[in-house]
Amino acid sequence: MKNVSLALQGAQMLFVAFGALVLMPLLTGLDTNVALFTAGIGTLIFQLITKRQIPIFLASSFAFIAPIMYGVQTWGIPSTMGGLMAAGCVYLILASLVKVRGDGFIKRLLPPVVVGPVIIVIGLGLAPVAVNMALGKSGDGSSVLVEQSIALIISLSALLSTVAVAIFAKGLLKLMPILAGILVGYGLSLTFGIVDFAPVTAASWISMPNFVAPEFNWHAIAFMIPVAIAPAVEHIGDILAISNVTGKDYLKKPGLHRTLAGDGVATIAASAFGGPPNTTYSEVTGAVTLTKNFNPVIMTWTAITAIVLAFVGKLGAIMQTIPVPVMGGIMCLLFGSIAAVGLNSLIKNQVDLTEPRNLCIVGITLVFGIGGMAFGIGSFSLTGISLCGIVAITMNLLLPMPKTSNSEEIETSVK
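According to this note's numbering, the residues represented by the sequence shown are 726 to 1140, in order.
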């Protein structure tokens, strides 16, 4: 009976994470069943490396949405996966440096003046895509998929439902705003008759996920590596959060170097199967806070449940029938929220933007990242998030510190 109880609690945790978990692959063109599989595998790998001491679940990282969308359009899914594997290796490098030099190294390399504007760029980089999809168009706005008046009703309903649940809901429901928005938007889409069930009819009940083997393209790798900055900071914040919830210091035991390594290997494994990068899920941490059940075995059952569901073919087919306006409406909030977290990083850590050094780093990073600045030599080029990440880190290392400055601490999280 104890195992049955743990299994049911594990399934509940997956339900909490489900909306965010499947939204990410839906937005980026990846397979939702693969995302379920790699979330499960990634969580089990994380538990193995951290000796199953932390009650935390890993799944699709929102910080990689914009880079993956760009990568898939530019180089295709296999090359994008190769770039994401390289991003996972960044975690392993950081883990090694933390083990050798302590976690103070990350605070010096990635202070809020660097992390804040990079997160803002990640959030706002694809704002036009969100608006186009909310209006019923394709992401680039080149074609109309749903008539605009209908699309606006659906997208705004999904958006408002997500906001309402996030603000007014209580208990576990408060942790599932994205799932609520998808359900409301999907229900309206059924009413307007714009849902095509042909993929569901054609799909088998049991089938293999559409795994994709990675390919290694130096352009994609150079583009993806700097993107790991934001989720690495998010990871540290989430580990601090779950430490506060359980009353244990996981930065010391099993250690930040182990948790970073676990996240990195989980991301590498996910990319090897064609799935989105993994990150620690704040929604699940919130559910752990509510239930007061800190047993990491529950997350093992959550992972097993995700892996089993990955082989249900019709589940993935149903996800594919979600109309564009539903996702567009939620993306309007999602991308804005990510940008707001970056802004909050600057505010919370009292980054003085009247100080010329800080103003130069933040200003140039924002304009380069959002404006689409590109530097290239021959066939090699840097643009967007990868360029602004490198620029921010380089400027922070090279520009002299002001004579008097407040100590800066890493901001906690981004999704």
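All C-beta atoms, glycine included, are put in the ideal place defined by N, C-alpha and C. Remember, it's a predicted structure, so these values are computed and weren't measured experimentally.
Straight across, the Cα-Cα distance linking residue 1036 with residue 1074 is about 45 Å. A residue is called buried once 16 or more other Cβ atoms fall within 10 Å of its Cβ, and residue 818, having fewer, is exposed.
Taking the C-beta atoms as reference points, residue 796 is found no nearer than 8 Å to residue 955. Taking each of 745, 982 and 1107 in turn and checking the Cα distance to residue 824, the smallest one comes out for 982. Residue environment analysis places residue 1008 among the buried positions, since at least 16 neighbouring C-beta atoms fall within 10 angstroms of its C-beta.
Judged by pairs of C-beta atoms under 8 Å, the stretch 870–883 does not touch the stretch 1108–1124, as fewer than three such pairs exist.
Not a single unbroken stretch of the beta strand (DSSP E) spanning 3 or more residues falls wholly within the stretch 846–892.
Residue environment: residue 972 is assigned as exposed (fewer than 16 neighbouring CB atoms within 10 Å of its CB, all protein chains considered).
Relative to residue 840, the option among 1113, 969, 731 and 822 whose CA is nearest is 1113.
Residue 728 sits in a helix when the DSSP states are folded into three classes.
If you compare the alpha carbons of 1033, 806, 1006 and 960 with that of residue 753, the shortest gap goes to 806. For residue 1010, the closest alpha carbon among the candidates 808, 962 and 910 is that of 962. By the 16-neighbour rule on beta-carbons within 10 angstroms, residue 1085 is exposed. Residue 929 sits in coil when the DSSP states are folded into three classes, being neither helix nor strand. Residues of the same chain with a CB within less than 7 Å of the CB of residue 1023, apart from the 5 flanking positions on each side, are 731, 734, 735, 738 and 780 in chain order. The beta carbons of residue 1093 and residue 851 sit about 16 Å from each other, so the pair does not count as a contact at 8 Å. The C-alpha of residue 1030 is placed about 12 Å away from the C-alpha of residue 769. By the C-beta density criterion, residue 922 is exposed, having fewer than 16 other C-beta atoms within 10 angstroms. Fewer than three Cβ pairs drawn from the stretch 927–937 and the stretch 885–902 lie within less than 8 Å of each other, which leaves the two stretches out of contact. If you ignore the 5 residues before and after residue 838, its C-beta comes within less than 6 Å of the C-beta of 1076, 1083 and 1086, all in its own chain and listed in chain order. Annotation: residue 775 to residue 745 spans about 24 Å, alpha carbon to alpha carbon.
Following the DSSP letters along the chain, one finds residue 1003 inside the beta strand (DSSP E) bounded by residues 1003–1005. Put simply, of 740, 759 and 748 the residue whose alpha carbon is nearest the alpha carbon of residue 995 is 759.
Ranked by Cα distance from residue 907, the options 884, 1079 and 831 are led by 884.
Classified as exposed, residue 977 has fewer than 16 neighbouring CB atoms from the shown chains inside 10 Å of its CB. For residue 1028, the enclosing alpha helix (DSSP H) starts and ends at 1022–1034.
Counting along the chain, residue 995 sits inside no beta strand (DSSP E); it lies in the alpha helix (DSSP H) bounded by residues 981–997. Contact between residue 1046 and residue 920 is confirmed by a C-beta separation of about 5 Å, below the 8 Å threshold. Straight across, the Cα-Cα distance linking residue 1097 with residue 862 is about 22 Å.
The DSSP-derived three-state label of residue 1107 is strand.
Only residues of its own chain outside the window of five on either side were considered, and among them 765, 768 and 769 have a CB closer than 7 Å to the CB of residue 1028, listed in chain order. Taking the C-beta atoms as reference points, residue 1056 is found no nearer than 8 Å to residue 749. Every beta strand (DSSP E) stretch that sits fully inside the stretch 1059–1125 and reaches 3 residues is listed by chain position as 1099–1102 and 1105–1108. Minimum Cα-Cα distance from residue 809 among the listed residues 827, 842 and 790 corresponds to 790. The C-beta distance from residue 1000 to residue 762 rounds to 7 Å, short enough to fall under 8 Å. Residue 985 and residue 909 have their alpha carbons spaced roughly 37 Å apart.
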